[in-house]
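So the sequence shown is numbered by the working numbering: it starts at 73 and just counts up by one. Every residue, glycine too, gets a C-beta built ideally from N, C-alpha and C. These numbers come from a predicted model, not from an experiment.
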Amino acid sequence: MATTKKLISIDEALAKELENIAKILGTTQSEIIEKALDFYLDYIDGIIADKVSKGIKEGKIKVKKANEVFKELGIDV
């Protein structure tokens, strides 16, 4: 997997905790941040899915059938 560098600013206490945890686990701070962010984004995906489901149930979000979408896009199935 390709990697991208990001420059972030975090609270000093959080940075110290991250440093300590990395030492204890024998891993890099980057690995811990990547795993934590991956976990958090999975959690947020669930929240978004719940919000979309609620919107569909309440009629605020319209769902189209696949064949309708294909027809609108001019895709012959």
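- Straight-line spacing of the CA atoms in Ala94 and Ser102 works out to 9 Å.
- Annotation: the continuous alpha helix (DSSP H) that includes Asp122 extends over 101-129.
- Shown here, Val149 sits in coil according to DSSP, grouped into three states, outside any helix or strand.
- Val135 sits in coil when the DSSP states are folded into three classes, being neither helix nor strand.
- Boundaries of the alpha helix (DSSP H) around Ile93: 84-97.
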